[in-house]
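J.: The numbering of the sequence shown is numbering that gives the first Met the number 0, which starts it at 0 and goes up by one.
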Amino acid sequence: MSSTPEFPRHVVTAVLVTHDGARWLPDALAGLLAQERPVQNVVAADTGSADDSAQLVADAVGADRVLHLARRTGFGAAVEEAARTAPVLGPEDLPYLKRPSGWDPVSRTWNDEAYDLPELPHGEPVQWLWLLHDDCAPEPDALAELLRVADSDAYAAVVGPKLRGWYDRKQLLEVGVSIARSGRRWTGLDRREQDQGQHDQVRSVLSVSTAGMLVRRDVFEELGGFDRRLPLMRDDVDLCWRAHAAGHRVLVAPDAVLRHAEAAARERRTVDCAGRTA
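(1) Secondary structure at G175, three-state DSSP: helix, strand or coil?
(2) Using a Cβ-Cβ cut-off of 8 Å (strictly less than) and excluding sequence neighbours within five positions of Q170, which residues of its own chain qualify?
(3) Nearest to D150 by alpha carbon, out of S177, W127 and D235?
(4) Looking at the secondary structure, which residues open and close the alpha helix (DSSP H) in which Q126 lies?
(5) Leaving out the 5 sequence neighbours to the left and right, which residues in its chain are closer than 7 Å to A242 when beta-carbon positions are compared?
(6) Assign P160 to one of two classes, buried (16 or more other C-beta atoms within 10 Å of its C-beta) or exposed (fewer than that).
(7) Let me check one thing: in DSSP terms, what residues is R258 bridge-paired to?
(8) May I ask which residues mark the beginning and end of the beta strand (DSSP E) holding L28?
(9) Could you spell out where the beta strand (DSSP E) holding H67 opens and where it closes?
(10) Using DSSP with H/G/I as helix, E/B as strand and the rest coil, what is Q200?
(11) Using only the alpha-carbon positions, how far apart do T108 and T3 sit?
(12) Between which two residues does the alpha helix (DSSP H) carrying T84 extend?
(13) Identify the residues that DSSP records as bridge partners of Q54: which are they?
(14) Per the DSSP calculation, H247 is bridged to which residue(s)?
(15) Checking the sheet assignment: what are the DSSP bridge partners for D226?
(16) Just to confirm before moving on: does the CB-CB distance between P139 and E5 stay below 8 Å?
(17) Check this for me: beta carbons of L145 and L213, under 8 Å apart or not?
(18) R98 by DSSP, collapsed to three states: which one?
(19) Can you give me the C-alpha to C-alpha distance between R184 and A76, rounded to a whole angstrom?
(20) Closest to A252 by C-alpha separation, out of G196, W240, A53 and F225, would be which residue?
(21) Classify M0: buried if its beta carbon has 16 or more other beta carbons within 10 angstroms, exposed otherwise.
(22) When you compare the CB positions of A43 and L66, do they come within less than 8 Å of one another, or not?
(23) Considering only residues of the same chain and omitting the five flanking positions on each side of A255, which have a CB-CB separation below 6 Å?
(24) May I ask you to report which of helix, strand or coil DSSP gives V10?
(25) Would you identify the three-state DSSP class for V207, choosing helix, strand or coil?
(26) How big is the Cα-Cα spacing for A244 and D234?
(27) Relative to the C-alpha of L172, which residue among H132, A260, L96 and V56 is closest?
(28) Count the other CB atoms, across all protein chains shown, that sit within 10 Å of the CB of D115; report buried if there are 16 or more and exposed otherwise.
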């Protein structure tokens with residue numbers, strides 16, 4: 000009998016996109032694999048890395064779970080390809096989601112002694128994609144905290160974590176994102192603001208970062224994924240904005256914490272991806 004994870008009705012496929020990320024990947028992979036509430040599936044997409052990124056991921060999750068894409072592939076396109084190839088897991092794939100053999104059709108009750116699960120999920124499994132960058136490392140309880148918020152709101156379609164600095168681990172990077180009057184992406188945080196719990200409220204936000212974003216798979220497909228004309232930056236705001244417009248909720252789960260190196264934004268690596276022009 001397979002053990003039952005916390006929040007068993009939620010089926011999570013981690014999608015890890017890598018691009019010359021060998022410098023950060025050991026911590027990122029360790030964080031993914033050490034989740035107290037593990038994912039049910041992992042698919043990685045390497046976009047033509049010139050370093051050991053693809054091999055590091057293959058060694059960690061298996062070569063059969065790594066897609067090898069062109070170097071100029073954007074983040075959104077890589078996620079879309081990974082999601083397309085990732086199977087949708089249901090009760091037939093996950094024994095703990097199956098109906099127990101102790102069902103009595105006469106009394107219409109379960110015989111608890113015939114099945115050792117303390118509580119069975121109700122309804123169809125909810126499929127999620129957990130998007131991860133190669134330069135972000137989740138804390139061990141990050142996924143559990145994301146699912147805790149997702150499980151508490153039936154309208155939640157996107158849930159994002161609190162992001163802290165990679166090197167200064169108390170520095171706040173993001174706890175949800177908005178748009179300033181100037182049109183710029185705005186975190187609402189002071190420069191080098193330290194995390195003292197001052198933003199630790201679950202709340203609706205305009206957007207959350209793609210680093211650690213948990214998005215319902217059916218909503219992601221309904222929205223057509225990321226806009227390929229935005230191959231790297233601001234794709235998070237665009238997707239979440241469209242989710243709001245479609246009637247879904249975007250929430251931040253501040254108890255879910257990831258460290259993020261922001262390697263592309265801080266020019267710690269070359270950006271090679273290209274967007275679609277038409």
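Cβ coordinates follow ideal geometry from the N, Cα and C atoms, glycine included. Owing to the predicted nature of the structure, the values given are computational and were not obtained by experimental measurement.
T.: If we stick to the structure as given:
(1) Reduced to three states, the DSSP call for G175 is coil.
(2) Answer for Q170: R163, G164, R191, E192, Q193 and D194, listed in chain order.
(3) Closest option to D150, Cα to Cα, is W127.
(4) Note, Q126: premise wrong, no alpha helix (DSSP H); beta strand (DSSP E) at V125 to H132.
(5) These residues qualify, in order along the chain: A156, V157, V218, L222 and V249.
(6) Buried.
(7) R258 is bridged to A136 and R163.
(8) Unbroken run through L28 is the alpha helix (DSSP H), L24 to L32; no beta strand (DSSP E).
(9) That run of the beta strand (DSSP E) goes V65 to L68.
(10) The answer is coil: DSSP assigns Q200 none of H, G, I, E or B.
(11) At T108, the pLDDT of 48 sits below 50, so the modelled position is not reliable; the number obtained from the coordinates is stated separately. Using only the alpha carbons, I get a separation of about 21 Å.
(12) Segment F74 to T84, the alpha helix (DSSP H) holding T84.
(13) DSSP, once it has assigned bridges, lists no residue as partnering Q54.
(14) Looking at the DSSP output, H247 shares a beta bridge with no other residue.
(15) According to DSSP, D226 bridges with nothing at all.
(16) No, the pair does not count as a contact, with Cβ atoms beyond the cut-off.
(17) Yes, Cβ-Cβ distance for L145 and L213 is below 8 Å.
(18) Note on R98: pLDDT 49, under 50, position unreliable in the model; no value is reported.
(19) Between the C-alpha atoms of R184 and A76 there is a straight-line separation of about 22 Å.
(20) Put simply, of G196, W240, A53 and F225 the residue whose alpha carbon is nearest the alpha carbon of A252 is G196.
(21) For M0, the predicted model reports a pLDDT of 41, less than 50, meaning its position is unreliable; a value from the coordinates is still stated below. By the neighbour-count criterion, in which a residue is buried when 16 or more other Cβ atoms sit within 10 angstroms of its Cβ, M0 is exposed.
(22) Yes, the Cβ-Cβ distance between A43 and L66 is below 8 Å.
(23) Excluding its 5 nearest sequence neighbours in each direction, A255 has C-beta neighbours in its own chain below 6 Å: A141, E144, L145 and P160, listed in chain order.
(24) Strand.
(25) V207 carries a coil assignment under DSSP once its states are collapsed to helix, strand and coil.
(26) A244 and D234: Cα-Cα distance of roughly 15 Å.
(27) For L172, the closest alpha carbon among the candidates H132, A260, L96 and V56 is that of A260.
(28) With a pLDDT of 40 at D115, under the threshold of 50, the modelled position of this residue cannot be trusted, and the question is left open.
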